[in-house]
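For the sequence shown, this note's numbering assigns the number 3 to the initial residue and increments by one for each residue that follows. For each residue, glycine too, the CB sits at the ideal point set by N, CA and C. Here the structure is a predicted model, which is why all the values come from computation and not from measurement. Below: one structure, written as structure tokens.
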Amino acid sequence: MQLAEFLDSIEVESEPNAEISAELQALWWSKKGNWVKAHELAQDAGSKEGDWVHAYLHRQEGDLGNASYWYSRAGRSMPSEELGEEWYTMVLELIRK
Numbered sequence: 003m004q005l006a007e008f009l010d011s012i013e014v015e016s017e018p019n020a021e022i023s024a025e026l027q028a029l030w031w032s033k034k035g036n037w038v039k040a041h042e043l044a045q046d047a048g049s050k051e052g053d054w055v056h057a058y059l060h061r062q063e064g065d066l067g068n069a070s071y072w073y074s075r076a077g078r079s080m081p082s083e084e085l086g087e088e089w090y091t092m093v094l095e096l097i098r099k
């Protein structure tokens with residue numbers, strides 16, 4: 003899936019493409035405003051990338067202590083960039099995998 007296709011699907015689809023990774027599906031749901039669904043997918047992903055998305059979601063929620071724990075599990079530090087910028091960075095990295 004290409005970036006433009008992913009971004010367009012958020013605007014026009016009611017569900018993410020089932021063929022994309024759980025981590026990208028979580029980011030898709032996050033952008034759609036369904037934090038709970040996004041969190042479930044990230045939590046169940048069982049990967050460093052899933053831990054990264056999980057961290058982002060807790061940062062988005064405002065639970066910085068929990069976010070810090072998940073960033074650590076993902077092998078990353080909590081970023082200083084705005085949430086929207088981090089979301090975009092994550093999508094770009096995960097699409098390329």
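Close beta carbons around residue i, own chain, < 6 Å, minus the five adjacent residues each side
| i | result |
| --- | --- |
| D53 | W72, R75 and A76 |
| W31 | K39 and A40 |
| E25 | A47, E51, G52, V55 and L96 |
| A28 | A40, L43, A44 and V55 |
Reduced DSSP secondary structure (H/G/I, E/B, other) of residue i
| i | result |
| --- | --- |
| A28 | helix |
| R75 | helix |
| Q62 | helix |
Exposure of residue i, with buried meaning 16 or more beta-carbon neighbours within 10 Å
| i | result |
| --- | --- |
| K99 | exposed |
| A20 | exposed |
| A6 | exposed |
For residue i, the nearest candidate out of the options (CA to CA)
| i | options | result |
| --- | --- | --- |
| Q45 | K34, Y58 and K33 | Y58 |
Same chain, Cβ closer than 7 Å to residue i, five either side skipped, listed in chain order
| i | result |
| --- | --- |
| M3 | N19, I22 and I97 |
| N68 | H60 |
Between the CA atoms of residue j and residue i - distance to the nearest angstrom
| i | j | result |
| --- | --- | --- |
| V14 | P81 | 30 Å |
| G64 | S70 | 11 Å |
| L94 | E88 | 10 Å |
| F8 | E83 | 22 Å |
| L66 | M92 | 18 Å |
| G35 | S79 | 25 Å |
Nonlocal neighbours in the same chain, by C-beta distance under 8 Å from residue i, ignoring five residues either side
| i | result |
| --- | --- |
| Q62 | S32, W37 and L85 |
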